[in-house]
Amino acid sequence: ILVDIPILRKEGKLDVYETIPLGIILTGNSLITVCLRETPILTDFVNRHVKSFYTYYKSRFLLQILYKNATVYLQSLRQVEKMSNKIEDALQKSMKNKELTQLLQLEKSLVYFSTSLKSNELVLEKMLKLDAIKKYEEDQDLLEDVIIENKQAIEMTSIYSGILSGMTGTFASVISNNLNSVMKSLTIVTISLAVPTMISGFFGMNVPNAWEN
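Everything in the sequence shown is counted per our numbering, starting at 1131 for the first residue and increasing by one.
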């Protein structure tokens, strides 16, 4: 089973979210996980931060890993919301390229989330039909919870993506309006300076005129 999981990485001073695959291999006696990086999804199990899990119940353990992944997505989305609010406050005080770049990075993160969550949804739908994974009656509620949490994460990603997109467009318009105001002020100053220059140039010409004396 292959699912995408969210990870946080540093890009300069920016926190950027992206996704990487997590492989889960079911054998006769074991459940093996393969991932490129250490992830809190698995370390929480290792550190016994997840209640009521038993590795010998492989089907249930698998569903608990998938449920944990969905909750980590929701936690990451809440962090994205906090970061976007912080950037919005900074943009209201001073319009800088740095804040707009951060907004674009968050939008990029949400694109990763949206794509990965939709692919995870397909995996969950296939698991419902897959006979190789034993489905016990007591695990059915857990599987439904995993699907619900994943759908909620997809919905939140869509909402936050729309908000960020609108916010980026709004602040881009504000910056454009501010630039127009600055250009208008500079044009007025330029015209004001041109008038005395024109008058002095007129009287500075080496030809007779009516007002030279």
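Each residue gets a CB set at the ideal place from its N, CA and C atoms; glycine is no exception.
Among the options, which has the Cα closest to the Cα of residue i?
i: D1145; options: F1175, L1132, L1234; result: L1234
i: Q1194; options: R1208, K1314, R1178; result: R1178
i: L1161; options: Y1242, S1244, Y1186, S1303; result: Y1186
i: T1157; options: L1192, A1200, S1206; result: L1192
i: D1269; options: K1188, K1181, I1155, S1295; result: K1188
i: Q1282; options: T1201, K1181, I1155, I1135; result: T1201
i: I1293; options: V1312, S1311, P1326, K1212; result: K1212
i: N1199; options: N1310, M1328, S1306, F1243; result: F1243
Can you tell me the Cβ-Cβ gap for residue i and residue j, rounded? I've got them flagged as a contact below 8 angstroms.
i: V1253; j: L1132; result: 7 angstroms
i: L1204; j: E1279; result: 7 angstroms
i: K1248; j: I1284; result: 7 angstroms
i: Y1197; j: D1275; result: 6 angstroms
i: D1174; j: S1246; result: D1174 to S1246, Cβ: 20 angstroms. No contact.
Could you check whether residue j and residue i sit closer than 8 angstroms to each other, using their CB atoms as the reference points?
i: T1163; j: G1153; result: yes
i: I1171; j: I1150; result: no
i: Y1290; j: L1240; result: yes
i: V1210; j: L1236; result: yes
i: L1207; j: T1300; result: no
i: R1190; j: L1272; result: yes
Can you check whether the C-beta of residue i is within less than 8 angstroms of a C-beta belonging to chain D?
i: Y1203; result: This model lacks chain D altogether; it includes just one protein chain.
I need the boundaries of the beta strand (DSSP E) containing residue i, first residue and last residue.
i: P1151; result: 1144–1156
i: P1136; result: 1132–1141
Item to check | Ranges of the beta strand (DSSP E) found wholly within the segment 1153–1233, counting only runs of at least 3 | outcome: 1161–1165
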